[in-house]
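Just so we're on the same page, our numbering is the position in the sequence shown counted from 1, plus 17.
For each residue, glycine too, the CB sits at the ideal point set by N, CA and C.
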Amino acid sequence: MVTADDVRRVALSLPRTEEALVRDRVKFRVGRIVYIAISPDETSMGFGFPKEERAALIAAEPEKFFMPVRSDERYHWVQVRLAAIDEAEMRELVVDAWTMVVPKRVAAAHADEARAARQAPTSRPTGRQPDVRPRP
């Protein structure tokens, strides 16, 4: 189960993100644009999402996703139940929402850094050459 602290850790790792408390809701934003909001009881998360794709997302997985409150329907926004997603899915939702609000060059630079980090070797070289001789 994903917690508000998990969301916080991911969101605050993204460039230009700041955390704010607005009407008992923890919100993550870039400048004045909010891209993630945690419900006061920390059971759901609102996130930026293209309006034209919202109905299909909710119809595909109604146990996870639901519409925002009526007054927020005019925004690019969807809600998700945190208990219904895993950490990998949460990370994808947060990063995709963040990508909607930052300049394209900032999002591209972050994607390049993340790709390089995934490709970096996890162990130190030993200085020895690998044994590439065929085995009998």
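- Residue range 61-65 is occupied by the beta strand (DSSP E) that includes M62.
- Contiguous alpha helix (DSSP H) elements confined to the stretch 50-123 occur at 68-77, 104-118, taking only those with 4 or more residues.
- As DSSP reads the structure, R42 sits in a beta bridge with V39.
- By the beta-carbon neighbour count (other beta carbons within 10 angstroms, threshold 16), R46 is buried.
- As DSSP reads the structure, V47 sits in a beta bridge with T34, I50.
- The beta carbon of K81 lies closer than 8 Å to those of V97, R98, A101, I102 in the same chain, with the five residues before and after it left out.
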